[in-house]
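One structure is given below, encoded as C-alpha cells.
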Amino acid sequence: MAVVVAAEAAVVVEAGAAGARKRMRILLVEDDNDLQRLLKKALTEAGYVVDSAADGEEGHFLGDTEPYDAVVLDLGLPKLDGVRVLEKWRKAGKTMPVLILTARDRWSDKVAGFDAGADDYLAKPFYTEELLARLRALLRRAAGFATADIDIGPLHIDTRASRVTLDGNPVKLTSLEYRLLAYLAYHRGKVVSRTELVEHLYDQDFDRDSNTIEVFVGRLRKKLDANLIQTVRGLGYSLEDPALGTKHLPV
Ligand code: CA
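Okay, so the sequence shown: first residue is 4 according to the numbering used here, each after it adds one.
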C-alpha cells in the first residue's frame with residue numbers, strides 16, 4: 004500500500020488561500036482506498052471540485068464524458084491500467100493535463116506514461132503539498148500562463164494570493180466574484196459560456212441556475228473596468244484588454 008506523508012500544516016495553508024481560488028474540476032483515479040480518500044480531502048480543501056474513480060474503466064468513462072481541468076491518474080489500476088486509460092483519452096482528442104502517479108522503482112512506468120501523453124508524474128510516496136504544487140503548475144501551463152500572475156490591460160491578478168488590482172489599486176471581491184474573474188482570466192480572449200461557468204464555479208449540489216452568473220458578472224463590471232468583460236450575445240462572456248478592442252463579433 005502506498006504511504007503518503009501528508010504535511011498537515013501545508014494542507015491548512017492550501018485551504019486558507021483556496022477559498023478564493025478559482026474552482027477547477029479535478030478527476031482523481033486511484034484504486035488505493037486510503038490514498039484516494041486522503042488525496043480527495045486535500046484537493047477539496049485546496050478548493051478544487053473533485054470526482055474520483057477507483058478503477059480504470061470508470062476513470063476512463065468519467066474523463067471521456069466530463070469536462071475536467073486536470074486529472075490525477077494512478078497507473079496500476081484494476082480493469083484498465085492507467086497507461087491504457089491515458090492512451091484512449093489522447094486518441095479521442097482529450098487534451099486536459101494529466102499527472103500520473105507511479106511506484107517509485109518503476110522507471111519504465113514513467114516512460115510509458117509520458118509516451119502515452121502524461122504531462123507530469125509523481126513517484127509514490129510523495130508529499131501532498133508537492134502534488135498540489137504540481138497540479139497548480141499544470142493548470143497554469145494548460146491555460147497558457149507560465150507564472151502565477153495574470154495581467155490583462157489595467158487588471159492584475161495574483162492567483163497565488165487571490166489578489167486583484169486595477170491600475171494598481173486593490174479591488175475587493177467576494178470569493179465567488181474572484182473565482183468567476185479568475186476563470187475568465189485563465190481563458191482570456193476566448194468566449195466562455197454560462198453553462199461552462201456554472202460547471203466550474205459551483206459544486207454539484209449548488210443551485211445551478213445560470214441566471215445568477217449574470218448577476219455576478221454585473222457586480223464584477225461595477226467593481227472593475229466595465230469594458231473588461233464583454234458579453235457575447237447568445238454565447239457567453241469574454242475577458243479582454245479593452246485597449247485591444249473586441250475580437251468577438253456579436254452573434
Ligand atoms: Ca494502484
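The C-beta atom is built at its ideal place from N, Cα and C for all residues, glycine as well.
What residue range does the beta strand (DSSP E) around Gly79 cover?
Looking at the DSSP string, Gly79 is not in any beta strand (DSSP E), and its letter there is neither H nor E.
Tell me, please, which residues DSSP counts as bridged to Asn172.
Leu169
Considering only residues of the same chain and omitting the five flanking positions on each side of Leu183, which have a CB-CB separation below 8 Å?
Leu200, Leu204, Ile216, Phe219, Val220 and Leu223
Of the listed residues Glu202, Val52, Gly171 and Arg197, nearest to Thr234 (C-alpha basis):
Arg197
For Ser241 and Arg143, the rounded distance between their alpha carbons:
18 Å
At a cut-off of 8 Å, is Asp161 close to ligand 1 when judged by its beta-carbon and the heavy atoms of the ligand?
no
Ordered list of beta strand (DSSP E) runs contained in the region 32-73, each at least 3 residues
52-56
Just curious, the beta strand (DSSP E) that Asp123 is in, first and last residue?
Asp123 to Lys127
Exposed or buried, Ala23, counting other C-beta atoms within 10 Å across all chains shown (16 or more means buried)?
Reliability of the predicted coordinates at Ala23 is poor, the pLDDT of 35 falling under 50, and the value obtained from them is presented with this limitation in mind. Looking at its Cβ environment, which holds 16 or more other Cβ atoms inside 10 Å, Ala23 is buried.
Please find out if some non-hydrogen atom of ligand 1 comes closer than 8 Å to the beta-carbon of Gly116.
no
Under DSSP, the beta strand (DSSP E) around Tyr240 begins and ends at which residues?
Gly239 to Leu242
Within 10 Å of its beta-carbon, does Lys25 have 16 or more other beta-carbons around it, so buried, or fewer, so exposed?
Caution is warranted here: a pLDDT of 49 is assigned to Lys25, below 50, making its placement in the model unreliable, and no coordinate value can be reported.
The region 57-70 touching the region 79-94, judged by at least three CB pairs closer than 8 Å
yes
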